[in-house]
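Structure, as structure tokens:
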Amino acid sequence: MSLLNLLGIQDALAETAATVPATTTSTAAGTAHAAGTSSYLSVIWMVVLFFVVFYFLLMRPQSKRAKEHRKLLDGLTKGDEVVTNAGIMGKVVKISEDFIVLNIAENVDITLQKQAIVGVLPKGTIKSVE
Numbered sequence: 002m003s004l005l006n007l008l009g010i011q012d013a014l015a016e017t018a019a020t021v022p023a024t025t026t027s028t029a030a031g032t033a034h035a036a037g038t039s040s041y042l043s044v045i046w047m048v049v050l051f052f053v054v055f056y057f058l059l060m061r062p063q064s065k066r067a068k069e070h071r072k073l074l075d076g077l078t079k080g081d082e083v084v085t086n087a088g089i090m091g092k093v094v095k096i097s098e099d100f101i102v103l104n105i106a107e108n109v110d111i112t113l114q115k116q117a118i119v120g121v122l123p124k125g126t127i128k129s130v131e
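Adding 1 to a residue's 1-based position in the sequence shown gives its number in this note's numbering.
The following block contains the structure:
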């Protein structure tokens, strides 16, 4: 069973061939049949090409970024200096499974979801900014 049969294209081609007038020569019918097949195949190839381009331009880079972010979050340790998606810089005080406690100023701690962390800063960055 061919791909054309699975997609129902072969049946459509058979119906088209049946409607060709009897006065048409066999070579003209064969040419019409070949032209119909090539147009269906070109549409199929265009759809396949579209999905391949979609995957490589959108889905693959997004999954790579998500993997790198997961690796960054798994590598966090107490004492790391981090920046959040809101631009808040702080030092990691406590880490739990889903949450993290940051010290952003003297005696000021905030609790955030781990997903809010977007980057780890080099040691001493917070002191140099203050």
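Each residue gets a CB set at the ideal place from its N, CA and C atoms; glycine is no exception.
For the structure I just gave you, are there three or more beta carbon pairs, one from the segment 52-59 and one from the segment 74-89, closer than 8 Å?
No, because fewer than three Cβ pairs between the segment 52-59 and the segment 74-89 fall closer than 8 Å, the two stretches do not touch.
Any idea which residues DSSP pairs D110 with across the strands?
Position 109 of the sequence shown, counting from 1, holds the residue named residue 110. According to DSSP, D110 bridges with N104.
I need the straight-line Cα distance from V121 to L58, nearest angstrom please.
By 1-based counting over the sequence shown, the position of residue 121 is 120. By 1-based counting over the sequence shown, the position of residue 58 is 57. The alpha-carbon atoms of V121 and L58 are separated by roughly 27 Å.
Alpha carbon to alpha carbon, how far is L103 from K65?
The residue given as residue 103 occupies position 102 in the sequence shown. The residue given as residue 65 occupies position 64 in the sequence shown. Going from the Cα of L103 to the Cα of K65 covers about 27 Å.
Among D75, D110 and D81, which residue has its Cα nearest to the Cα of E98?
Taking the sequence shown and counting its residues from 1, the one referred to as residue 98 is at position 97. Closest by alpha carbon: D75.
From which residue to which residue does the alpha helix (DSSP H) around T126 run?
Sequence index remark: in the sequence shown, residue 126 carries index 125 (1-based). Element bounds for T126: T126 to V130.
Determine the direct distance from the alpha carbon of M60 to that of I105, and round the result to whole angstroms.
The residue you call residue 105 lines up with position 104 of the sequence shown. The residue you call residue 60 lines up with position 59 of the sequence shown. I105 and M60: Cα-Cα distance of roughly 35 Å.
Specify, as a first and last residue, the run of the beta strand (DSSP E) that E82 falls within.
Indexing the sequence shown from 1 puts residue 82 at position 81. Run containing E82: E82 to T85, per the beta strand (DSSP E) assignment.
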